[in-house]
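With the first letter of the sequence shown counted as 1, position 197 gets the number 197 in UniProt numbering; the numbers rise by one all the way through. A short worksheet on the structure shown next.
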Amino acid sequence: MKLATLDQAICRTPAFALDATLAEVWDELKEKIKASSPAFYEAVAHLSAGDLDSIDQKTRYSIWKYFNRSKYRGTPFGEFAATTIFPLTYDEQSPVVIARNMRRHRFTDWRQKEAVIPGVQALVKTAAAFHANTSVYYLEEEIRYIRFRDGNFELAAVQSFPQLKALMSFCSTRRLKEEIANELFAQFSLDTESVDNLLGISVEHQLLLTDRHPNITGPDFFNRVCPGTATSESSYLLSERAHISGSLRKQVLKDLPELLQFLNRVLPAPGNQDLDRFRTAFLKRFGQEEISLATAMDPETGIGYGNLEEQGSGDLVEAIKSGGGPEDDGENLFSHPYTAFTSFLVNGVVRGAPIKLELFEGDARTGPPEIPNSLSVIFHVWQGRPVIANAGGCSATALLGRFTLMGERFEDFGKSIAAAEARANPGIMFFDIAYQAEKEVDNVNRRKSLYGTELPVLSWSCLPEPLTFNEILVSIHGSSIILRSKRDGARLVPRIPSAYNYTRSDLAAFRFLCDLQYQQIRPDLGFNPQHFLPGLSYYPRVTFKETIVSPAKWLVPKELLEYGKNDRPEIKRSLLKDWLSREKIDFLFKAGDADHTLCFDPGSTCDLTAFLLFCRQHRSGDLLISEALVDEDESVRDEGGKPYFAQFIASYGHPGCVYRAVTGYGSPAIDPRKKQPEEMLIPGGDWLYFQLFCYPARTNSLLLGHVAKFIGEINKLIKEWFFVRYDDPAPHIRLRVHLKSPDDGFSVIAVLKDIIAKDLRSGIIRDFSIKPYIRELTRYGIARIGLAERFFWMDSKYALDLLSRAVSTEQLYATTLYTVRFFLSLCFASAAEQAEVVQAIAGSYANEMEMGPAIFKKLNQSFAQLYAGVHPGVVPQAARRAARQGPLLKRLMAACTDAEKVQLFTDLVHMHVNRLFSSDQRVHETIIYQYLLKLLRMPAARLKAITGY
């Protein structure tokens, strides 16, 4: 599909001209610093331009950075850069001319939103309209919904009752307060006071939103609810420079469409593991069904997304899971497969000359992803050639969104792009997501409404019929995740016209929808040679015809990054000069990432000093610098002829159909088959084996509730019972029950059925099955299997008792350490043998988890704090319960050879830990063995002082 340049472009210019000096603009720079960093402004406000050479190095470097970004960085930020929209008229031969003076668009800072939202009573009294929280859905007699509390999103639940249920149903569309009062009076004869009380409770619990709540999209919230309110000094500021004349020359942009098509063919196919996992889990759980987004995102009745809904098991557990090996701080850049294109790049690097991509003659990838209907290219111009900084996006509206607040030209351009996307995809409804959660950064999220509808997330919507979670239907069609509107059947595709980094969010539904924007399209057309060839000391310039795709890059030597206490600045500066001279870098170079770059002049002592300070602050990993490619002759100028280092955003589009309306949903679910072991006890005998599938965080309440009740009711019919947790094919509890008589089997099943029926219907218990019990004869031995099962029974009772008492992971660790030490003392006589066994097991786990120095440091810190938060009575209670298992453990060990004892001890501890922790049991087991090793190495007196035993 042929790409065409859209008729408007954006120009971003720094505050100061390229020929500006710090002395000339110092007073103006101070005013800009005042708005962005009041604290630093207080430190420099008294300084004149003549004082700058005599101040301390740290302050001078900070000022240098502010001035540098004010000359070389066009990224919008307060008054440090300005944005201009101008038409692309290819018959225009004159360069772009802009106004020097900025127009400042001031808005009340989003952090002030709480100040204009009254208390609940006043909110109910002053609100004219109400709308139910769009995430509300029902599970049996429970109303579930997303709420925001203590800076985090959470899934909340309240018990439903008729009046509340009627209110939620009636307010599923926007309702006036008078309409609500009339409806509740008609249904329940509620008077005005009762209605106000119900509204107040619902608003307080975030079940209802009012028109006094913030809207992040559409008209400005502060002007809407408090018209005429003056903005404060700490206001949110967008700066604009007017376009006076001129445009980009046609030849500057002529190669870009062909380049974008080329990169789409040769770059590796994009992927998203979270979407892939969701698709697989959906098929296993729901098959061809179509379910609501609310249900899909519920981690109990649905699937959740990206493990964001998991309760945190602590920084230490997460660090071990993420693989803190020896290269903890490294980055694996080599993410692209080796192809003919990679070979072409290698040959180009070997030659050392600029790599010309248009010379690549290898076979392009077959079936490249679709290019989105609109995308953006960010570049500047050097010697008449565009230098690409970034290219891609799922829509060109993503970079435009925040600027729509600056006026109709920006808003109209954004709406025209959204309209073109809709025309290209008949039967598709694109929708925005009105999301706001971070007061510090949500200013960049504020935007006008560009799409016809939106899904507000705990935000008021100014659109007439916003979407809700419950009316967005999810299904799988082939390899695609499909959203559809329950209201009119149209396929839904999310589009978020915002530059907000959505990976900051902890809300699973928002992350899911944001990821879904990029499904089956090419979202990133940027080219970075490091991703193909990591670790090189030099990357030549990469071009495509007259376009510079990637400037030349150099790896900064380690000796410039490593600092000792006795290092002298002049020696470092000399090393830097020598290296720059060897590499023939006698031009402006750039360092930093993405929008956080600085430019350095190798001919300036001040800049070299600044670069050394920049190197000193570089945290870890390699540091690359690149050609800055600044050309004053190609600069944008103001009406006085002053040159500015401008960055342009050109938008491209095509009218091809990317998304197709889907009428048939789903694909067959995979039915995984498990191997049948040799020994099994079929249901109908004296053992029953139940599998209860549920969300991992629910397992403890299931054990302490339903399982405990079940065991209590059938206690006279059974000899023993035990449970284990299992994750394959999905998280579940395996409950085995040894009957006194096989004749009682159906009665026992009936008891369990009655206890779990409600939760099974609601989906809290996802599935239930009765299976043959395969006894682990090989693992525990024919002679010991009966003893092992009895041990499991005692351990299961102990685990339930402990779970009912322990309120923290630390308490579980402390009691488990005591229990495992007790088991260890019964299994191995000497302290030396005990230490040897634990050291071997701990080492094996550490290798399995690829634990490096950073993880061991975390372990030491965590262990030092372990017993501080443990109640003194917890461990003695555990000791009494563990002692009851002692005689049986001795009998088990007596039936073992010396060689078998270590394995049996390891197996029993493994099962004990499994019963106590609802998730990540292997990681918790790793931590426990490391802690145990520390305890065994302690002197007895210190051990007693720390642990109390």
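Ideal Cβ positions, reconstructed from N, Cα and C, are used throughout, including at glycine.
Please report how far the alpha carbon of residue i lies from the alpha carbon of residue j, in whole angstroms.
i	j	result
I482	A294	15 Å
H618	L624	11 Å
G312	P227	In this prediction, G312 scores a pLDDT of 44, lower than 50, which makes its location untrustworthy; no coordinate-derived value is stated.
G763	P162	22 Å
I291	L450	28 Å
L908	F856	26 Å
F344	G362	8 Å
F933	A708	Note that residue 933 is Leu in the sequence shown here, rather than Phe. Straight-line Cα distance between these residues: approximately 34 Å.
D578	P529	26 Å
R385	P368	28 Å
S581	P602	9 Å
E678	P772	Bear in mind that the predicted position of E678 carries a pLDDT of just 39, short of 50, making it unreliable; the figure below should be weighed with that in mind. Their backbone Cα atoms lie some 11 Å apart in a straight line.
R881	L826	15 Å
residue 958	C394	This structure does not reach residue 958, given that the chain is present from 1 up to 949, and the question cannot be answered.
residue 951	E634	The structure shown does not extend to residue 951, since the chain is modelled only from 1 to 949, so the question has no answer here.
F828	E713	39 Å
I417	D255	22 Å
D442	P214	12 Å
Y539	A552	6 Å
I201	F188	17 Å
S461	R775	58 Å
T503	V837	43 Å
I682	M911	24 Å
A437	T134	16 Å
L936	A814	14 Å
V751	K758	13 Å
Determine whether the beta carbon atoms of residue i and residue j lie at a separation below 9 Å.
i	j	result
I388	F527	yes
Y652	T5	yes
Y145	L207	yes
K125	D196	yes
A269	T210	no
D274	R511	yes
F648	E258	no
L802	L817	no
I180	L199	yes
Y97	I244	Inspection of the sequence shows that residue 97 is occupied by Val rather than by Tyr. In contact: V97 and I244 (Cβ atoms closer than 9 Å).
V636	P95	yes
F222	K177	no
L536	L560	no
S796	W721	yes
R12	P87	no
M102	A82	yes
L405	R447	yes
L107	D220	Looking at the sequence shown, residue 107 is not Leu but Phe. Yes; because the gap between Cβ atoms is below 9 Å, this pair is in contact.
A391	L533	no
L400	F413	yes
Skipping 5 residues on each side, what residues in its chain have a beta carbon closer than 8 Å to that of residue i?
i	result
S918	P696, A697, T699, N700 and R725
C171	F130, H131, A132, I180 and L208
F431	Y451, G452, T453, E454, L455, L467, L492, V493, P494 and R495
With a threshold of 6 Å on Cβ separation, who are the neighbours of residue i within its own chain once the five nearest residues in sequence on each side are excluded?
i	result
D744	L717
S769	Q691
F148	L458
V317	D920 and V923
G664	Because the pLDDT at G664 is just 40, under 50, the model does not fix this residue reliably, and the value given afterwards should be weighed accordingly. Cβ within range, chain order: n/a, list empty.
P354	P540, R541 and T543
So, at 7 Å on beta carbons, what are the nonlocal neighbours of residue i in its own chain, with the 5 sequence-adjacent residues on each side left out?
i	result
L613	Y61
N152	D506
Stretch-stretch touch, CB-based, cutoff 8 Å, three pairs: the region 471-479 with the region 495-506: Touching, no.
Does the region 245-262 come into contact with the region 345-352, if we say contact requires no fewer than three beta-carbon pairs (one atom in each stretch) closer than 8 Å? no
Assess contact between the region 893-903 and the region 777-797, defined as three or more Cβ pairs (one per stretch) separated by less than 8 Å. Is contact present? Verdict: yes, contact present.
For the 8 Å Cβ check, are there 3 or more pairs between the region 843-857 and the region 921-932? yes
Extract the residue ranges of the alpha helix (DSSP H) inside the region 43-73, only unbroken runs of 4 or more that lie entirely within it. 57-72
Unbroken alpha helix (DSSP H) runs of length 4 or more, entirely within the region 761-849: which are they? DSSP runs (the alpha helix (DSSP H)) wholly in the region 761-849: 777-780, 785-805, 809-827 and 831-848.
Every unbroken beta strand (DSSP E) inside the region 550-636 [3 residues or more]: 553-555, 589-593, 596-600 and 624-627
Can you list, in chain order, the stretches of the beta strand (DSSP E) that have 3 or more residues and sit fully within the region 668-742? List check, beta strand (DSSP E) in window: 687-694, 718-726 and 732-739.
Length at least 4, wholly inside the region 134-184: the alpha helix (DSSP H) runs in chain order: 162-170
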